Amino acid sequence: MNLLSIPVLLPLAAGLLILAISDRTRWLRELLAIGVTAVCFLAALNALAPALLGQHYQLTLPWLGGGMDFSLKADQLSAFLLLAVSFFSLLVSFYAFSFPDKGKAKWFYFNVLLTQSFAAGAALADSLLALLFFWEGLLVFLYTFIALSRDTAGSRATAMKAFLINGVTDLCLLLGIGLTAYLAGTMSMSEISAEKLTLNGWGGLAYVLLLIGALSKAGAIPFHTWIPDAAVDSSAPFMAYVPAAIDKLLGIYFLARISIYLFQLNGAMQLVLMTIGALTIIIAVMMAFVQQDYKRLLSYHAVSQTGYMILGIGTLNPIGIAGGLFHMINHASYKSCLFMTAGAVERQAGTGDLGKLGGLFRAMPVTAVCFVIAAAAISGIAPFNGFFSKELIYKGTLETGWLSFFIAAEVGSLLTLASFLKLGHSVFFDKRPDELKDVSEAPFSMLLPMLVLAAVCVVFGFGAAIPAAYLIGPALDNLSLFPEHALSGFHFDNLYLVSVIVILGAVMNHVYGYSAARGKASKSSDHIHYAPVLGWLYALAEKRFFDPYEQLMKRVPDFSALLYKADRFFDWLTDGLPVAAAGRLNDLSRRFHSGSYPAYMLLMGLAMTLFVLFTANSGGIK
Amino acid sequence: MTISLLQYMLIPLFSALLIPFVARRRGKLAEIFANVTLLAGLINIGWTLLSPAVLASGFSVLAEDGFSLLMVLTIYLVGLCVSFFSASYGQGRGVNTAYFYPLLLVSVAAMCGVVTSTDFFTLYIFVEVLAVASFALITSDDGREGVEGAIKYYLLTFPASAAIMLGLAVMLLSAGTFSFDSIRIIVYSGASAPALVFSLSLLLLGFLVKSGVVPFHVWTPDAYQGAYAPVSAFLAGIVTKISGVYAVVRIAMFLRLFETGAFRLSEVLMFLGMVSIAVGAIAAMKQDDLKRMLAFSSVSQIGYIVLAAGLATPLAFIGAVFHLFNHATFKTVLFLNSASLEKAAGTRDMTRLGGMEHPMPWTSWTSVIAMLSTAGIPPLSGFWSKLIIIIALWDAGAVTYAVLALLFSALTLAYFLIMQRRIFFGKKSPAAETASEVSPALLAPAVLMSAVIVAAGLLFPYFFSYLAETIASRMVL
Amino acid sequence: MIEYREFLYLAVTLCALAAVMSRNMLTAAISLAATSIGVALVLFDFRAPWAAVFELSVCAGLITVLFISAVSLLRKEEPFFAEDRTRFRLLPVFALIVAIGGWIAGWPFFEALADYARFGARGQSLGSMLWESRRMDLLGQIAMLAAGVLVINSVFAAKKAGK
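Chains as they are written, first to last, in my numbering: chain Y, 1 to 622; chain A, 623 to 1099; chain F, 1100 to 1262.
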């Protein structure tokens, strides 16, 4: 039996077995899941060790024929990913042991194991067809995971939202894979990489389709909108497991695969990737900053951090890609840890509303310390792991020469720290409300995974050489990239000074916001939340005006009505058009001239910018 | 600049500084002082321009800049009308005459400074002086709307100042001078640096904002509507034209940008002009407030001037300058009449007016003259300026713009006819039953201006030769 | 090597901080004037006499007059209302951030500037500069001053009457 079948088949079998176990047994399901994930973790370690020496485990089964084989291959990158997937599965299984609000234990562990099985398969797949198979499988379990985590209408609606968004993008992926296979003449990724495809003609379309699939899995804008909803409608272990860890791992893994391994990208596509990355960073972090719910705030950060990875990979230079991959694993560790602290606080205090929490440091010291470490890591404070991966991404970005993306990333970093200052302050440090005076520390089974992950944050920070040597470096070798600089080590250079500026700026912002909110830490983002133009945008965003899914769903009834009315329209066209048009135009102009400063200022600013851009273009600054 | 032009700026400034001391106790004295100053200036400039010797020579003896001279004449004309009008209008409205008239005179001085300056920095300083003075003028009476209008005026034209400052900085960096003549020489030599063109486009942007061209027009309706009534006439008739449109035309005229470096700028200018014409006319159609409607009409008329300035042919400049003058005359009449209506009928809400022709025939007929001139009905002055602009457009091959300009001119007539019907003609409203004609002192400025409109229309050949001689042949090379 | 120039920069910065952070409006206005004078000296030092002249006449002279007259008008009428001053206390932190940023990016720039001033010859005298070439601007500034005084009088008078 091949070693590679263990991480795929074992969880699958165990997941099915769990459904068969009687409901009257205590702890049996939990222990089985923990055992299975532990075995898988060991197997993954065993697969990684030879891969580092250049010996890849392979498993090839004839499948549909005609070159369409079912092949798995544990090369360095895949083995790295497999290890990460198994690691987080183990930790989440352990964490969920005594977590009450995760839905029925039977279904929860079924979903965890099945997701693990399919994620491992997707990570190992060498054939694009196999990858597609596992990828689509994940989609099914994403739906069941959310829908079965709570018995509410909200969770079912969110599950449907996640399913539809990912379903549509997976359809793109399917088309992209078909096109790629057709262009390359083979399904095997290692064969395609020998002769990379270019972006000319159909190749460009194929890449974009694949890119949509990868970005959607990773949760970049505009495909992220289900994640914040899931944070409200689903459980903390789910958030710690799927959106924080598995989805990011797979999405970024696949992004790296297609961008470096399968296709030869050009400057334009580099710009597209970096723009998507920067926009994701900024927009999501702006949204995160004003959230009032613990998990929802974290979930926006999960989106925002994806932006860094995309930015890193989008730089297309070895340093940036190393940073992107390093950030992927770092993000999974600290974000899982943060979601776990969210779960712990929710379990012990009964709420995740920042306005109702406060002063829990004394009651839950271990959780608080884990939170502080993970928050420092996500904010990129030296010497935790987030700092080192971000530093690599910054370097890669600067190397491309696009300063604006670097600035966007730094601004994102500032706002990240600002929002964690707000979060930490309002949960762990502010005055403790009377209702929370009996709160105690979370049980050991929940603390242990958090501590392990916090330790990872510290170890990967102080000892950034370890992942660089055993995980990231080999993965880059696998992609035939050879960075010029060392991937680890602390440098007292300008980048470090900039990070100090960012920290000072975030602290300044927080102190200002805190004082402006008159000592309510949870309101310390209000000065930005209700700022003139931003307030308006935020209000729209909270009404989900910018959510493509919600907008589309809202349009569905309209669309059918439209078809009906199209008929009426042709009647009307011949009847009252001229009169109505004049009236409409007049009303429009009256409504527009409403006397609102923000609207006027916005128009003025926009028009002035356009004017300068347009005139500068010809005969101007060029 | 010659000393003879400097006097038009200095005398009102001295007068303004004198009034608060002289007329502290006696408000009447302030009025007399201001009116006399302005009348003297008007007679002086009128004589300079229209003395028999000058007329006989076909204006060729005028050594000064014809554009500046014409603008000085317009400034004094409108200034005198407004100051004379407010003398009889202001009682009982909380207007402090000891400061109102000096501010009026300071803005006249500042406007003269604007039109006589030969240097972009000086121009900018005077534009700012004008902005400060207008800010206070808008809030002259005790109404609350005035404050809102003033603040809107100030805040929304602030970006314009920013753009102008930036442009000045870039200009100093790239050309090392602000002087019109030096810049003109640099541009004409063909060696103009792109940065210089860029700085001019920034200046142009700033002045476009100040002149209230769509999409920068948003402050105009609120400022005009909210301002103290005679001040609305002053603002709409002359202030925003001098602080914005004048500079736009000047830059377009002096610098021959559009043939050398920045043809794109010319396209933008023409496009914005056309959009202003359209948006202003459409928005004016359904307003209920008379002053707001006139404000939008003003936006539309400025569009014609900017459109012509963007075209930048000699004929187009003649049209633009003439339309600038005409706009000052007819818009002043209309705004002054709206003030009279407000005084007589107590409202300027068009839904509550009607049949006002019977009690107020003079106001009605001066409005008709101004409105027909705005809409371009021969033989009034507005007809000629629009005609020149449209012919210039047609000649230069901009046929689409020419046709659109003609069509929207018809729309102008439409909304003014609607206005006239709603206010003056039709059934007598309750307001019309009680109202009566305002005093001759209030009518005189409107009548004077209407006479100017008719005269400028009938004596159009003189005007044309003046503009052709002093502007088209000397400045547009 | 530290020169008088560095002290000048420091003094300007401190005056500017004082202008923003001061509780008393009169002190703030005077600190602002001091800042302007410092800036004018810096500009003159860097062979930008025109800019120095504008800075001195407009910022240090004219605007300060306006500010002080406005403050004296306010003083009699209105007690200072309580305000949240945290943002002002944060200003030194912000200045520190800018300083670090300047240290990263701006050092060569400052060096170049200092060289420029060091080797530069002095221009014309201030007065001749002012009168010879910018006469019209001076008139404009006088007009601005007149307008400012009139505005203060008319707007504040209206306000008083309103009360």
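Ideal placement from N, C-alpha and C gives every residue a C-beta, glycine not left out.
Only a predicted model underlies this, so the values are computations on that prediction, with no experimental measurement involved.
Pick helix, strand or coil for residue 218 (chain Y), following the three-state DSSP scheme.
Helix, per DSSP.
What span of residues does the alpha helix (DSSP H) with residue 388 (chain Y) cover, start to end?
Start and end: 385 to 400.
Excluding the five sequence neighbours on either side, which residues of its own chain have a C-beta within less than 8 Å of the C-beta of residue 1219 (chain F), listed in chain order?
Confidence at residue 1219 (chain F) is low in this model, with a pLDDT of 47, below 50, so its placement is unreliable and no value can be given for it.
Contact with chain F by residue 413 (chain Y), beta-carbon distance below 9 Å:
Taking Cβ atoms only, chain F never reaches closer than 9 Å to residue 413 (chain Y), which makes this a no.
Per-residue contacts from residue 1252 (chain F) into chain A (C-beta, under 7 Å):
In chain order: 721.
Quick one: what does DSSP say residue 198 (chain Y) is sitting in, helix, strand or coil?
In the structure shown, residue 198 (chain Y) sits in a strand (DSSP, three-state: E or B).
With a threshold of 16 other CB atoms inside 10 Å of the CB of residue 619 (chain Y), please say whether the residue is buried or exposed.
Here residue 619 (chain Y) scores only 49 on pLDDT, less than 50, and its place in the model is too uncertain to base an answer on.
For residue 100 (chain Y), report the span of its alpha helix (DSSP H) as first-last.
First-last for residue 100 (chain Y): undefined, no H or E at that position.
In three-state terms, what does DSSP make of residue 960 (chain A)?
Helix at residue 960 (chain A).
If we cut at 9 Å on Cβ distances, does residue 531 (chain Y) have a partner in chain A?
Not an interface residue.
In the structure shown, what three-state DSSP assignment does residue 354 (chain Y) receive?
Looking at residue 354 (chain Y) - three-state DSSP - the assignment turns out to be helix.
Check the Cβ-Cβ distances between residue 754 (chain A) and every residue of chain F, and say whether any is below 9 Å.
At least one beta carbon of chain F lies nearer than 9 Å to the beta carbon of residue 754 (chain A).
For residue 1105 (chain F), does the count of other Cβ atoms within 10 angstroms reach 16, so buried, or fall short, so exposed?
By the C-beta density criterion, residue 1105 (chain F) is exposed, having fewer than 16 other C-beta atoms within 10 angstroms.
Which term fits residue 202 (chain Y), buried or exposed, when burial requires 16 or more other beta carbons within 10 angstroms of its beta carbon?
By the 10 Å Cβ count, residue 202 (chain Y) comes out exposed.
If you scan the stretch 526 to 584 of chain Y from start to end, which runs of the alpha helix (DSSP H) of 4 or more residues do you find wholly inside it?
Listed in chain order, the complete alpha helix (DSSP H) runs (minimum 4 residues) inside the stretch 526 to 584 of chain Y are 526 to 529, 532 to 542 and 548 to 575.
Can you list, in chain order, the residues of its chain with a C-beta nearer than 7 Å to that of residue 894 (chain A)? Leave out the 5 residues immediately preceding and following it.
These residues qualify, in order along the chain: 830, 835, 836 and 928.
Can you find a C-beta in chain F that's less than 9 Å from the C-beta of residue 639 (chain A)?
So, interface residue.
So which residues of chain A does residue 607 (chain Y) contact, with C-beta pairs closer than 8 Å?
Going along chain A in sequence order, the residues near residue 607 (chain Y) (Cβ under 8 Å) are 837 and 838.
Sub-9 Å separation of residue 778 (chain A) and residue 853 (chain A) beta-carbons
Taking the C-beta atoms as reference points, residue 853 (chain A) is found no nearer than 9 Å to residue 778 (chain A).
CA nearest to the CA of residue 636 (chain A), picked from A:725, A:1075, A:851 and A:688:
Proximity to residue 636 (chain A) across A:725, A:1075, A:851 and A:688 peaks at A:725, based on C-alpha coordinates.
What is the DSSP secondary structure of residue 650 (chain A), counted as helix, strand or coil?
In this structure, residue 650 (chain A) counts as helix in the three-state DSSP scheme.
Is residue 642 (chain A) close to chain F? Criterion is C-beta to C-beta, closer than 9 Å.
It does: the Cβ of residue 642 (chain A) has a partner Cβ on chain F nearer than 9 Å.
N-terminal and C-terminal residue of the alpha helix (DSSP H) that residue 478 (chain Y) is part of:
According to the DSSP assignment, residue 478 (chain Y) belongs to the alpha helix (DSSP H) that extends over 473 to 478.
Three Cβ pairs or more, each shorter than 8 Å: is that satisfied between the stretch 182 to 202 of chain Y and the stretch 150 to 158 of chain Y?
No, because fewer than three Cβ pairs between the stretch 182 to 202 of chain Y and the stretch 150 to 158 of chain Y fall closer than 8 Å, the two stretches do not touch.
Got a sec, what are the start and stop residues for the alpha helix (DSSP H) residue 1114 (chain F) sits in?
Its alpha helix (DSSP H) spans residues 1103 to 1120.
Please confirm whether residue 718 (chain A) has its beta-carbon closer than 9 Å to some beta-carbon of chain F.
Contacts with chain F at 9 Å (Cβ-Cβ) include residue 718 (chain A).
Within 10 angstroms of the Cβ of residue 988 (chain A), are there 16 or more other Cβ atoms? Answer buried if so, exposed if not.
Sixteen is the threshold: when 16 or more other Cβ atoms of the shown chains lie within 10 Å of the Cβ of residue 988 (chain A), as they do, the residue is buried.
Applying the 10 Å Cβ sphere with the 16-neighbour rule, what's the burial state of residue 523 (chain Y)?
By the 10 Å Cβ count, residue 523 (chain Y) comes out buried.
Report the residue from A:744, A:1045, A:890 and A:1062 whose alpha carbon sits nearest the alpha carbon of residue 608 (chain Y).
Residue A:890 holds the alpha-carbon nearest to the alpha-carbon of residue 608 (chain Y) among A:744, A:1045, A:890 and A:1062.
Taking only the alpha-carbon atoms, compute the straight-line gap between residue 1031 (chain A) and residue 784 (chain A) and give it to the nearest angstrom.
Pairing residue 1031 (chain A) with residue 784 (chain A), the inter-Cα distance amounts to about 34 Å.
Does any residue of chain Y have a CB that is nearer than 9 Å to the CB of residue 1263 (chain F)?
Nothing can be reported for residue 1263 (chain F), as the shown portion of chain F is limited to 1100 through 1262.
If we cut at 9 Å on Cβ distances, does residue 1242 (chain F) have a partner in chain A?
Residue contact with chain A for residue 1242 (chain F): present (Cβ-Cβ distance below 9 Å to some residue of chain A).
Mapping the DSSP letters down to three states, classify residue 3 (chain Y) as helix, strand or coil.
Residue state, collapsed to three classes: coil.
Could you tell me the distance, in whole angstroms, from the CA atom of residue 1189 (chain F) to the CA atom of residue 279 (chain Y)?
Take the alpha-carbon of residue 1189 (chain F) and the one of residue 279 (chain Y): they are about 29 Å apart.
One question on the structure: do residue 673 (chain A) and residue 1063 (chain A) come within less than 9 Å of each other, judged by their Cβ atoms?
No.
For residue 1055 (chain A), does the count of other Cβ atoms within 10 angstroms reach 16, so buried, or fall short, so exposed?
Around the CB of residue 1055 (chain A), fewer than 16 other CB atoms lie within 10 Å, so the residue is classed as exposed.
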